[in-house]
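Chemist: Residue numbers (the working numbering): 112 to 319. Here a beta-carbon is modelled for each residue, glycine too, at the ideal position from N, C-alpha and C. Handing you a structure now.
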Amino acid sequence: MSFNVALTSVLSGASVRQLGHWRKTELLVPEVNSASRPILYSFRDILALRAVVKLRQDQSLQKIRKAFATLPHLDLTEHPAQYALVNEGSTIALVRDDGSEIDLVTRPGHAILVTLPDIMNSFETHRGAVVDLRRPREHLRVREQWLGGWPTIEGTRVPYDTIAELLSDGTIEPSDVGHYYPGVTAAAARDALDFARSVPGWRESIAA
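Put into structure tokens, the structure is as follows:
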């Protein structure tokens, strides 16, 4: 499953403008499709972007770039989403599986030990709250194993946008959605529509 720029923006917390700038400067280039249109991101890209957005609250973009650039020199060549990067005072650290950390900025390769924050949870930025990636709304769920991480209705595999499109013109009430999709409650339907409305350009895409 791949994600367009608008949905990636909502799920990652990065603005559409930031995504464009980071692609252009190669801070994070989408692994799915970066050279042609439409531009698409993977679920791993979204995880990496959330790490950048969270780190950006306390660290300069220059330090984040240096941290990403240090990874290959430590023989860490996997996708950035494979690594846990955390703020550690004036530097950025890589968390190993055993809980130890490696300084990536001030003293690259220097080991330190700190607590690993969870970038999946909701967190605050100067632009406001970034959604909880696993639960972007009370009745929506995101699981990488289900539709590649596409937001779905809780307890089902029904994509959120399928329900949102059903409600978009107002002819069907949330309480009636269960007739078409058993298991989708009125509350879940309202959450799907509310989340869809938070995605930039969603109304225009429906109209098209």
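Tell me which same chain residues have a C-beta within less than 7 Å of the C-beta of residue 232, skipping the five on either side of it?
Modeler: Translated into positions along the sequence shown, residue 232 becomes position 121. The answer, listed in chain order, is 243.
Chemist: Consult DSSP for residue 239 and reduce its assignment to one of helix, strand or coil.
Modeler: What you label residue 239 is simply residue 128 of the sequence shown in a count that begins at 1. The answer is strand: DSSP assigns residue 239 an E or B state.
Chemist: Are the beta-carbon atoms belonging to residue 273 and residue 294 less than 8 Å from one another?
Modeler: Along the sequence shown, read from residue 1 onward, the residue named residue 273 stands at position 162. Along the sequence shown, read from residue 1 onward, the residue named residue 294 stands at position 183. Cβ atoms of residue 273 and residue 294: not closer than 8 Å.
Chemist: Consult DSSP for residue 252 and reduce its assignment to one of helix, strand or coil.
Modeler: Indexing the sequence shown from 1 puts residue 252 at position 141. Of the three classes helix, strand and coil, the one that applies to residue 252 here is strand, per DSSP.
Chemist: Would you tell me roughly how many angstroms separate the C-alpha atoms of residue 222 and residue 180, rounded to the nearest one?
Modeler: Here residue 222 refers to the residue found at position 111 of the sequence shown. Here residue 180 refers to the residue found at position 69 of the sequence shown. Annotation note: pLDDT 48 at residue 222 (below 50); position unreliable, no value reported.
Chemist: What residues in its chain sit with their C-beta under 8 Å from that of residue 127, if we drop five residues either side in the sequence?
Modeler: Against the sequence shown, residue 127 aligns to sequence position 16. If we look at residue 127 and ignore the five residues flanking it on each side, its Cβ neighbours are 116, 117, 120 and 311.
Chemist: Skipping 5 residues on each side, what residues in its chain have a beta carbon closer than 6 Å to that of residue 283?
Modeler: As a working mapping, residue 283 is identified with position 172 in the sequence shown. Excluding residues within five positions, the ones whose Cβ falls inside 6 Å are 277.
Chemist: Counting only runs that start and end within the stretch 144-179, where is the beta strand (DSSP E) found for 3 or more residues in a row?
Modeler: List check, beta strand (DSSP E) in window: nothing returned.
Chemist: I need the DSSP call for residue 280, collapsed to helix, strand or coil.
Modeler: For the purposes of this step, residue 280 is identified with residue 169 of the sequence shown, where counting begins at 1. Coil.
Chemist: Take residue 140 and list the residues in its own chain whose beta-carbon comes closer than 7 Å to its own, dropping the five residues that flank it on each side.
Modeler: Looking up residue 140 in the sequence shown gives position 29. 134, listed in sequence order.
Chemist: What do you get for residue 113, buried or exposed, if any count of 16 or more other CB atoms within 10 angstroms of its CB means buried?
Modeler: For the purposes of this step, residue 113 is taken as the residue at position 2 of the sequence shown. With 16 or more other Cβ atoms within 10 Å, it is buried.
Chemist: For residue 234, which residues does DSSP report across the bridge?
Modeler: Numbered from its first residue, the sequence shown carries residue 234 at position 123. According to DSSP, residue 234 bridges with 241.
Chemist: CB residue 213 to CB residue 165, shorter than 8 Å?
Modeler: By one-based count along the sequence shown, residue 213 stands at place 102. By one-based count along the sequence shown, residue 165 stands at place 54. Contact: no.
Chemist: Just the C-alpha distance for residue 241 and residue 247, rounded to the nearest angstrom, thanks.
Modeler: Counted from its first residue, the sequence shown places residue 241 at position 130. Counted from its first residue, the sequence shown places residue 247 at position 136. Rounded to the nearest angstrom, the two C-alpha atoms are 9 Å apart.
Chemist: Are residue 137 and residue 156 closer than 8 Å when you measure CB to CB?
Modeler: Reading the sequence shown from its first residue, position 26 is the one you call residue 137. Reading the sequence shown from its first residue, position 45 is the one you call residue 156. No, these two residues do not count as a Cβ contact at 8 Å.
Chemist: For the ligand COA, any of its heavy atoms closer than 7 Å to the Cβ of residue 235?
Modeler: Here there are no bound small molecules, and the ligand COA is not part of this structure.
Chemist: If we count the other Cβ atoms within 10 Å of its Cβ and call it buried at 16 or more, is residue 250 buried or exposed?
Modeler: In the sequence shown, the residue the question calls residue 250 occupies position 139. The residue is buried, with at least 16 neighbouring Cβ atoms inside 10 Å.
Chemist: If you draw a straight line from the C-alpha of residue 202 to the C-alpha of residue 313, how long is it?
Modeler: In the sequence shown, the residue the question calls residue 202 occupies position 91. In the sequence shown, the residue the question calls residue 313 occupies position 202. Rounded to whole angstroms, residue 202 to residue 313 spans 38 Å at the Cα level.
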